[in-house]
Amino acid sequence: MDSRDSDDMKVEPSSPVRNTNPFSRSSSGSSLHAGNHSSSSGHEDDDSEEKGSPNNYKERRREAHTQAEQKRRDAIKKGYDCLQDLVPTCQQTDSSGYKLSKATVLQKSIDYIQYLLLQKKKLEEERNALRKEVVALRIMQANYEQMVKAQQIPMGHVETRIPDEEKFQMFQNIIDELFFTFCNINVNNFTELSACVFSWLEEHCKPQVNIFYNSQLFYDNLK
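Residue numbers for the sequence shown follow the UniProt record's numbering, beginning at 1 and rising by one.
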């Protein structure tokens with residue numbers, strides 16, 4: 001009994017020593033393995049970011065190009081819409097009911113610009129003709145003013161009062177005489193009218209002719 005008990009007592013202390021050492025080694029090995037794994041995963045993340053950065057740059061560049069292209073198309077569309085609003089012939093839709101194409105809008109705009117140029121040229125010609133007419137009328141006005149000054153009654157002259165009916169009768173006789181001579185004047189356009197009027201004034205409306213008409217009218221009234 002004593003020998004067996006002594007043998008059991010010798011065996012029992014050795015078992016816990018063998019059991020504790022393997023656990024300590026495995027735990028340290030696992031911690032080293034975990035640390036190595038974490039460091040390797042960190043390096044993999046850095047590598048993935050470095051590899052992904054060129055793709056992100058290309059994507060941003062592609063997106064910027066798409067936005068610029070969209071802005072350009074929007075500006076072109078806005079320009080065509082404004083052009084279609086300004087040109088009267090572009091405000092109507094096609095005969096089939098569809099919207100006018102860009103080529104049609106451009107062609108109609110060109111035609112309308114050519115029409116405006118012709119209208120501008122025509123208006124300039126009319127303006128030049130009116131300016132010449134104004135110059136001619138001013139010359140005639142100056143001549144008539146000179147005639148009025150030459151025939152003004154001197155100061156101190158007492159004019160005999162003539163009844164209005166007699167004035168009207170004399171005026172009617174003068175106009176009747178002048179009307180017969182004025183019938184031969186051509187009034188088709190301003191140029192021919194001006195030429196004929198000047199010759200008619202020189203021939204039938206001179207002061208000497210007026211004196212003759214007045215004397216004739218005076219004798220007619222005496223009768």
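Built from N, CA and C at the ideal position, the CB exists for glycine as well.
Reduced DSSP secondary structure (H/G/I, E/B, other) of residue i
i	result
S109	helix
L116	helix
Q152	coil
R161	coil
I185	coil
Q91	coil
Y98	coil
Residue i versus residue j: straight-line alpha-carbon distance, rounded
i	j	result
L222	K149	Caution applies to L222, whose pLDDT of 49 falls short of 50 and renders its modelled position unreliable; the value that the coordinates give is listed next. So the alpha carbons of these two residues sit roughly 30 Å apart.
E133	M140	11 Å
I164	L201	A small fix is needed here, since residue 164 is Asp in this sequence, not Ile. So the two alpha carbons sit approximately 27 Å from each other.
T69	K108	According to the sequence displayed, residue 69 carries Glu and not Thr. Answer to the nearest angstrom: the Cα atoms are 27 Å apart.
L86	L106	12 Å
K78	K58	30 Å
A136	Y80	49 Å
L83	K71	18 Å
E125	I113	19 Å
L117	I110	11 Å
T66	P54	18 Å
T191	E145	23 Å
N56	C90	46 Å
Y115	D74	30 Å
S101	R62	30 Å
C183	L193	12 Å
E177	L130	32 Å
K127	E203	What sits at residue 127 in the sequence shown is Arg, not Lys. Distance between the alpha carbons of R127 and E203: 32 Å.
Q169	Q152	22 Å
K167	K120	51 Å
N143	F198	11 Å
I174	I162	17 Å
Y98	I76	20 Å
T181	R138	25 Å
A64	T104	32 Å
F171	L123	41 Å
P88	F179	51 Å
Continuous alpha helix (DSSP H) stretch holding residue i: start and end
i	result
Q172	D164 to F182
Nearest-angstrom Cβ-Cβ length linking residue i and residue j, presumed shorter than 8 Å
i	j	result
N189	C196	Rounded, the Cβ-Cβ distance is 11 Å, inconsistent with contact.
Proximity test, residue i beta-carbon vs the ligand GTP heavy atom, cut-off 7 Å
i	result
N173	The ligand GTP is absent from the structure shown, which contains no ligands of any kind.
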